[in-house]
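Residue numbers (UniProt numbering), protein chains in the order written: chain A, 1 to 61; chain B, 1 to 331.
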């Protein structure tokens, strides 16, 4: 069985599975994309944001 | 041709046509249709020469001019004489390299913290900051404990209590920054008639924004020869008109920063302007992050849609329609 037919039988054959795949994929992409952009943004603005200077002012109890 | 006829002739023809069409409607309609077809250019000419066309053209030009002057104030290419001098507009501030200027740059939050200190120790004596609450500082420039401690130093009037009286209580995180004056009249009375504007949105509310406020704070100087400044006013070339009621307030070493930054005039001005920029746009950092996401997503979607369009149209654009004429069978 080739890869494409395995792919078809796993994800595309039943509509319920297909829709579930789309929803799960959208959720996973949303989380991953957010993490990626945030990582870049924090690297670009290193040392400027509150989370970078917070340790200077917070007092642990 | 029709335009040469008088209005009376039109009316007569119309009534005649009406009476005729009452007799045999179908025939007169077809007759009128044929005559209109025959003199097509003449009909067009009559429309263009009509009074309605003249009135419409007049209305369009008057409306366009009115709309344009409403939008832009005056018509282009017409000379104007002004009694004002350029200094009445204020010196344009130069563009400064703010730490949050770039499309990907957040605020420098250490600067916001120092700027808050400058605002609290210097500006807050006259200027209110109505739209910023203590809770807004949490996670931006101060920890929750620090903000709570600062809020508790201020007494707020609250109530009414169970006895129907207003009472005083220490501030909470949800309270807004205390104003130096109870109302505008009190503020004017305390400042020789000038009203110190609220600083919550001042960066958005002034042409030049952060550059202007920084230039104003650092731009105080002696008036040049020939410029008269009234008693109690101060000269600042960046202020429209040049005469400002606020005196220079920032001098080297005025505040003592807890992070050890030397408190020069320009450093304090830069910090307080950064703080006020944040106060004007608290959503700034989040907004730019969403901007990055939006640009990436929409670029991909645009590229995808362009590709799909080309993919779908490829066969249609590249097809060749050939015509094979039938064989001639007459010979």
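Every residue gets a Cβ at the ideal spot worked out from N, C-alpha and C, and that includes glycine.
Less than 7 Å between the beta carbons of residue i and residue j, yes or no?
i	j	result
residue 140 (chain B)	residue 44 (chain A)	no
residue 241 (chain B)	residue 88 (chain B)	yes
residue 245 (chain B)	residue 198 (chain B)	no
residue 177 (chain B)	residue 132 (chain B)	yes
residue 91 (chain B)	residue 237 (chain B)	yes
residue 252 (chain B)	residue 261 (chain B)	no
residue 255 (chain B)	residue 247 (chain B)	no
residue 174 (chain B)	residue 206 (chain B)	no
residue 151 (chain B)	residue 164 (chain B)	no
residue 21 (chain A)	residue 33 (chain A)	no
residue 274 (chain B)	residue 157 (chain B)	no
residue 114 (chain B)	residue 222 (chain B)	no
residue 284 (chain B)	residue 53 (chain A)	no
residue 143 (chain B)	residue 41 (chain A)	no
residue 292 (chain B)	residue 3 (chain A)	no
residue 126 (chain B)	residue 76 (chain B)	no
residue 93 (chain B)	residue 235 (chain B)	no
Once you ignore the five residues that flank residue i on each side, which residues in its own chain have a CB closer than 6 Å to its CB?
i	result
residue 137 (chain B)	147
residue 201 (chain B)	280
residue 217 (chain B)	250 and 269
residue 203 (chain B)	209, 210, 276, 277 and 280
residue 59 (chain A)	none
Could you list which residues in chain B have their beta carbon closer than 8 Å to that of residue i, in chain order?
i	result
residue 53 (chain A)	109, 110 and 113
Determine the burial state of residue i: buried for a count of at least 16 other Cβ atoms within 10 Å of its Cβ, exposed for fewer.
i	result
residue 316 (chain B)	exposed
residue 107 (chain B)	buried
residue 65 (chain B)	exposed
residue 276 (chain B)	buried
residue 55 (chain A)	exposed
residue 214 (chain B)	buried
residue 289 (chain B)	buried
residue 169 (chain B)	exposed
residue 30 (chain B)	Any answer about residue 30 (chain B) is weak, because its pLDDT of 46 lies below 50 and its placement is not dependable; what the coordinates show is given next. The residue in question, residue 30 (chain B), is exposed, as its Cβ has fewer than 16 Cβ neighbours within 10 Å.
residue 286 (chain B)	exposed
residue 210 (chain B)	buried
residue 100 (chain B)	buried
residue 83 (chain B)	exposed
residue 102 (chain B)	exposed
residue 95 (chain B)	exposed
residue 98 (chain B)	buried
residue 68 (chain B)	exposed
residue 187 (chain B)	buried
residue 118 (chain B)	buried
residue 116 (chain B)	buried
I'd like to confirm something about residue i: is its beta-carbon nearer than 6 Å to some heavy atom of the ligand MG, or not?
i	result
residue 94 (chain B)	In the structure shown, the ligand MG is absent, as is every other ligand, since no ligand is present at all.
Spatial neighbours of residue i within its chain, please: C-beta separation below 7 Å, excluding the five flanking residues on both sides.
i	result
residue 322 (chain B)	none
residue 30 (chain A)	none
residue 190 (chain B)	181
residue 17 (chain A)	11
residue 192 (chain B)	232 and 245
residue 105 (chain B)	99
residue 239 (chain B)	90 and 216
residue 267 (chain B)	261
residue 123 (chain B)	199 and 272
What does a CB cutoff of less than 8 Å around residue i pick up in its chain, not counting 5 residues either side in sequence?
i	result
residue 233 (chain B)	243, 244 and 245
residue 130 (chain B)	176, 177, 179, 198 and 200
residue 14 (chain A)	none
residue 154 (chain B)	170, 171, 175 and 178
By the criterion of Cβ-Cβ separation under 7 Å, what are the contact partners of residue i in chain A?
i	result
residue 292 (chain B)	37 and 41
Along chain B, which residues have their Cβ under 9 Å away from the Cβ of residue i?
i	result
residue 46 (chain A)	By Cβ distance, chain B contributes nothing, its closest Cβ being about 10 Å from residue 46 (chain A), past 9 Å.
residue 33 (chain A)	293, 296 and 297
What residues of chain B sit near residue i, judged by a beta carbon separation below 7 Å?
i	result
residue 58 (chain A)	143
residue 23 (chain A)	Those within 7 Å of residue 23 (chain A) in chain B number zero; the least Cβ separation is about 18 Å.
Going along chain A, which residues have a C-beta under 8 Å from residue i?
i	result
residue 320 (chain B)	The contacting residues do not exist; residue 320 (chain B) stays about 32 Å from chain A at best.
residue 289 (chain B)	37, 38 and 41
Shorter than 7 Å from the beta carbon of residue i to some beta carbon of chain D?
i	result
residue 283 (chain B)	This model lacks chain D altogether; the protein chains it does include are A and B.
Listed from N- to C-terminal order along the chain, which residues in the segment 98 to 111 of chain B have their beta-carbon within a distance smaller than 8 Å of any beta-carbon of chain A? 99, 104, 105, 106, 107, 108, 109 and 110
Got a sec: which bits of the UniProt domain "Cytochrome c" (110 to 262) of chain B sit with their beta carbon under 8 Å from any beta carbon on chain A, in order along the chain? 110, 113, 139, 140, 141, 142, 143, 145, 146 and 259
Interface positions of the segment 299 to 318 of chain B facing chain A (Cβ-Cβ less than 9 Å), listed along the chain: none
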